[in-house]
Amino acid sequence: MPVRLEDVLRHSTVRAADPVVRAAAGVVPQTQLRWIHSSEVLDIASLLGGGELLLTGGQALVSASDERRTVYIRDLAERGVAALAVETGSVLPSIPSSMILAAEEAGLPLIELRKVVPFVGVMEAINSQLVSESAAHLQQADQASHAMAVELAHGGSLDRILAVLAAATRSEVVLTSTAGAALASAEPNGHLNEPGPASSGEDGNTIHVEVPVRGIPSARLTVYVRGDADVNLARIAANRSVDILALALLQRMPPGLKEMAGAALIRAMDSGKQNWRLQELAPAAGIAVTAQVVAVVVRSPASKQLRKDVERLLDPGGQHGASYADNAELLALGVLRSGNVQDERQKIVDGLQSLEVPEGTVSAVGPVAPGIASAPWSLSEARLTLELASDVGPSRSAATAPGRVLDAQAFAVERLAVQVMDEARRRDFVNQQLAAVLEHDAQRHSQLAVTLRVWLDSGCNTAQTARELHVERQSMHQRLQRIFSLCGGDPRGTGRLPALHLAARMAALQATRPGRSLT
Numbered sequence: 002m003p004v005r006l007e008d009v010l011r012h013s014t015v016r017a018a019d020p021v022v023r024a025a026a027g028v029v030p031q032t033q034l035r036w037i038h039s040s041e042v043l044d045i046a047s048l049l050g051g052g053e054l055l056l057t058g059g060q061a062l063v064s065a066s067d068e069r070r071t072v073y074i075r076d077l078a079e080r081g082v083a084a085l086a087v088e089t090g091s092v093l094p095s096i097p098s099s100m101i102l103a104a105e106e107a108g109l110p111l112i113e114l115r116k117v118v119p120f121v122g123v124m125e126a127i128n129s130q131l132v133s134e135s136a137a138h139l140q141q142a143d144q145a146s147h148a149m150a151v152e153l154a155h156g157g158s159l160d161r162i163l164a165v166l167a168a169a170t171r172s173e174v175v176l177t178s179t180a181g182a183a184l185a186s187a188e189p190n191g192h193l194n195e196p197g198p199a200s201s202g203e204d205g206n207t208i209h210v211e212v213p214v215r216g217i218p219s220a221r222l223t224v225y226v227r228g229d230a231d232v233n234l235a236r237i238a239a240n241r242s243v244d245i246l247a248l249a250l251l252q253r254m255p256p257g258l259k260e261m262a263g264a265a266l267i268r269a270m271d272s273g274k275q276n277w278r279l280q281e282l283a284p285a286a287g288i289a290v291t292a293q294v295v296a297v298v299v300r301s302p303a304s305k306q307l308r309k310d311v312e313r314l315l316d317p318g319g320q321h322g323a324s325y326a327d328n329a330e331l332l333a334l335g336v337l338r339s340g341n342v343q344d345e346r347q348k349i350v351d352g353l354q355s356l357e358v359p360e361g362t363v364s365a366v367g368p369v370a371p372g373i374a375s376a377p378w379s380l381s382e383a384r385l386t387l388e389l390a391s392d393v394g395p396s397r398s399a400a401t402a403p404g405r406v407l408d409a410q411a412f413a414v415e416r417l418a419v420q421v422m423d424e425a426r427r428r429d430f431v432n433q434q435l436a437a438v439l440e441h442d443a444q445r446h447s448q449l450a451v452t453l454r455v456w457l458d459s460g461c462n463t464a465q466t467a468r469e470l471h472v473e474r475q476s477m478h479q480r481l482q483r484i485f486s487l488c489g490g491d492p493r494g495t496g497r498l499p500a501l502h503l504a505a506r507m508a509a510l511q512a513t514r515p516g517r518s519l520t
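Numbering-wise (our numbering), the sequence shown opens with residue 2 and increments by one.
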């Protein structure tokens, strides 16, 4: 029997916390649990698998904004978390109304624990029951996957293979292509549907599992758990069935040579394979070895889901380019075909910025590579840009916000500095140019070094710098006069200007990476 949320709320270890349901009380009776976790981290959703009761003491919620609290609730609901229990008391007197409203809208049971209990004791007591349940689920799931393998070996259709899974999980199952076209489906009574939209609606008992074929996302399995069927069994069985479904798809609709070659090309670039291997794979992927290309790196909790969007952006016609995604990172290669490759590249940067991506996503676009042999360089420069992203200041803050895109060309100075000069030489150069400014900042807690860099990045535009730093123009002029007095005068029109600019950019690296070398 599945462990339900209402049973857990009646357990002695939880009852001692005097729990009360503050939101989505209507779904508590049918909510099933897979595990119990405790965490104070607000970005925990991407690390959860769904079906969890999450316990939190509320420490992080106290200082968070209402907007951040609302995002926290929505992220947990989207991830399929079963419920959130928040401990209230001296740290968090009550659950904020914004969280209650968001949880009610998302259908996420929100529970207030009005007395302090040891979370470790709760987890040990309940998780021991869930472990026994999971062991039984694994055995049942393995039996189902074995039966699916037998059906596949006897030449069964995709519908008949899915029918085995549907019967084992007492759920409706649908297999769709990455483009959304239905490939096959089955219902728990053994009836095989004609491929088409599923009859079940999306709710908290809907499970999605990606099905890759040779590393290429090729289909999505959706399980609609009905009535009192066991959600956790369905989740485990669906994941166990991926390899069988991938084999079935490989027999019936194998990925094209171009896709396979493209994925292999990206892996070869990433692993530093010899140039001959790149020149061998590129034509098979539809990319000329002399083509000008640009690498893109996307780090996201949804890297696999973003793959098709990024591919369409890099190549709307679907004739060129390549990509590869794992659990944390999406790597892609775009071919620049117009006469003005910089304009083409900028379109990629702008397009990536327009994509809807989950929180925590950050992307980088590498410099233009003059041929496939230089593609690994573009990829490594994009990765280096991601490493340097935390080192930029207000002049590029918008470009480094979560979910936004970093342009490697905007980081050319920093990339050159960390690659050509070791940390000691960078530090010496910065001190030669800006020692007095840095000393002033350290003693008076001022922001002259940042002000200088933003001013130089803006092309010495005082009004723009004032806007970016949110200071009055008069205060801005006073800061500049102080900087000039410490640097030996106004550098405009002198050979000192580029040296100061380089030093100011490297000072940001020095300030945020003390003792760390990127060379």
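Glycine included, every Cβ here is placed at the ideal spot set by N, Cα and C.
Helix, strand or coil at residue i according to DSSP, with G and I counted as helix
i    : result
A84  : strand
S476 : helix
G181 : coil
G122 : helix
E424 : helix
E41  : coil
D408 : strand
L503 : helix
V414 : helix
S98  : helix
N341 : coil
R493 : coil
L387 : helix
P377 : helix
A230 : coil
D357 : One detail in the question is off: residue 357 reads as Glu in this sequence, not Asp. In the structure shown, E357 sits in coil (DSSP, three-state: anything other than H, G, I, E or B).
L307 : helix
G59  : coil
Alpha carbon of residue i to alpha carbon of residue j, nearest angstrom
i    : j    : result
A504 : N432 : 8 Å
G361 : S301 : 6 Å
Q144 : V406 : 46 Å
L139 : L56  : 26 Å
E188 : V87  : 38 Å
G108 : M100 : 12 Å
D344 : G122 : 60 Å
V243 : A167 : 14 Å
A400 : A390 : Its pLDDT being 43, under 50, A400 is placed unreliably in this model, and the coordinates cannot settle the point.
L269 : S66  : First, the amino acid is wrong: residue 269 is Ala here, not Leu. Those two C-alpha atoms are separated by around 44 Å.
T223 : L131 : 24 Å
L279 : G496 : 43 Å
T452 : L481 : 8 Å
A521 : P97  : Not covered by the structure: residue 521. The range shown for the chain is 2 to 520.
A374 : V290 : 7 Å
A464 : L470 : 10 Å
R397 : W456 : Reliability of the predicted coordinates at R397 is poor, the pLDDT of 49 falling under 50, and the value obtained from them is presented with this limitation in mind. Rounded to the nearest angstrom, the two C-alpha atoms are 12 Å apart.
V472 : N462 : 14 Å
V92  : A61  : 10 Å
Residue i burial status per 10 Å Cβ neighbour count (16 or more: buried)
i    : result
A509 : buried
S324 : buried
L501 : buried
W277 : exposed
S518 : Here S518 scores only 42 on pLDDT, less than 50, and its place in the model is too uncertain to base an answer on.
V336 : buried
P3   : buried
P30  : exposed
R35  : buried
P368 : buried
G263 : buried
Q293 : buried
G287 : buried
G90  : exposed
G181 : exposed
G59  : buried
DSSP beta-bridge partners of residue i
i    : result
W36  : E53
T207 : Y225
I112 : V22 and A86
S364 : V299 and V406
S324 : A333
I521 : The structure shown does not extend to residue 521, since the chain is modelled only from 2 to 520, so the question has no answer here.
V294 : V336 and A370
R5   : Q33
beta-carbon residue i near the ligand MN non-hydrogen atom, thresh 7 Å
i    : result
E330 : The ligand MN is not part of this structure, which contains no ligands at all.
> Which runs of the beta strand (DSSP E), 3 residues or longer, sit entirely within the stretch 122-148?
Replying inline: Those beta strand (DSSP E) runs which fall completely within the stretch 122-148 and span 3+ residues do not exist here.
>> What ranges does the alpha helix (DSSP H) occupy inside the stretch 251-286, keeping only unbroken runs of at least 4 residues that lie completely in it?
In response: For secondary structure counted as the alpha helix (DSSP H) over 4 or more consecutive residues, the stretch 251-286 holds these complete runs in sequence order: 258-272 and 276-285.
>> As an exercise, report each continuous alpha helix (DSSP H) stretch of at least 4 residues that is fully enclosed by the stretch 420-470, in chain order.
In response: Taking only runs of at least 4 residues, the alpha helix (DSSP H) segments lying wholly in the stretch 420-470 are 424-445, 449-458 and 463-470.
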